[in-house]
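All remarks here apply to the structure that follows.
In the numbering used here, the protein residues as written are 317 to 471.
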C-alpha cells in the first residue's frame, strides 16, 4: 500500500515504471489527493521528481541555453533567494514575496531602490527557466513565476 501511517503522519510513495515520488502529510485526505495527482502525472509521462530544486534547474538552464551576462546575474539572485526550494514546493506566493523584497533592494549605484524595469528583468529571467521546466523538461505543470509585470516608469 503506497500510503503508510507513521506516528501521526501519513507517508505516500508513488512508484510507476521506475518513476518515484514520496511526500509526508499530516492528514490522510491530503495524502490520498497527492497520490492520485502524482499517479496521473506519471501516467501522462510527466516527471514527478520531488528532488529537483530551483537551483538545479537554473544550473541546467545555464548549461544548456544561450544567455547574456545580465541573465546570468539575475538568475544568481534567484539561486540565492529561492534556490533551495524544491520545484514541487514553489508557489506564486513565493515569487510575489520575492518580488516585493526585490523592489526594496538598493541599486548598485546610490541608495535608492532598484528600478521597476530591473525587477521585471529579474522576474523574466526566472520565468524563462520555469517555462522551460513546463514546456520542454516536463518538470512542472505550470509556471509559478508568471506574474503580471509591474509598471515601468523609470523616467
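Every residue, glycine too, gets a C-beta built ideally from N, C-alpha and C.
Alpha carbon of residue i to alpha carbon of residue j, nearest angstrom
{"i": "residue 468", "j": "residue 437", "result": "11 Å"}
{"i": "residue 387", "j": "residue 448", "result": "15 Å"}
{"i": "residue 422", "j": "residue 431", "result": "9 Å"}
{"i": "residue 456", "j": "residue 407", "result": "11 Å"}
{"i": "residue 395", "j": "residue 348", "result": "32 Å"}
{"i": "residue 428", "j": "residue 414", "result": "18 Å"}
{"i": "residue 346", "j": "residue 409", "result": "20 Å"}
{"i": "residue 439", "j": "residue 379", "result": "20 Å"}
{"i": "residue 445", "j": "residue 339", "result": "25 Å"}
{"i": "residue 399", "j": "residue 405", "result": "12 Å"}
{"i": "residue 331", "j": "residue 323", "result": "22 Å"}
{"i": "residue 359", "j": "residue 350", "result": "14 Å"}
{"i": "residue 489", "j": "residue 401", "result": "Missing from the structure shown is residue 489; the chain here goes from 317 to 471 and no further."}
{"i": "residue 403", "j": "residue 462", "result": "14 Å"}
{"i": "residue 321", "j": "residue 337", "result": "17 Å"}
{"i": "residue 372", "j": "residue 392", "result": "12 Å"}
{"i": "residue 328", "j": "residue 368", "result": "18 Å"}
{"i": "residue 317", "j": "residue 425", "result": "At residue 317 the pLDDT is 49, less than 50, meaning the model places this residue with poor confidence and gives no usable figure here."}
{"i": "residue 441", "j": "residue 319", "result": "38 Å"}
Cβ neighbour criterion (16 or more within 10 Å) applied to residue i
{"i": "residue 434", "result": "buried"}
{"i": "residue 412", "result": "exposed"}
{"i": "residue 354", "result": "buried"}
{"i": "residue 343", "result": "exposed"}
Residue i (DSSP reduced to helix, strand or coil)
{"i": "residue 408", "result": "helix"}
{"i": "residue 466", "result": "coil"}
Chain D within 8 Å of residue i, Cβ atoms only
{"i": "residue 468", "result": "Considering every chain present, this structure includes no chain D. It has just one protein chain."}
Beta-bridge pairing of residue i - partner residues as DSSP gives them
{"i": "residue 321", "result": "326"}
{"i": "residue 402", "result": "369"}
Return the chain-ordered ranges of every alpha helix (DSSP H) run that is complete within the region 329 to 396 and spans a minimum of 4 residues. 344 to 359, 370 to 380
At what residue ranges does the region 411 to 459 contain a whole run of the beta strand (DSSP E), taking only runs of 3 or more? none
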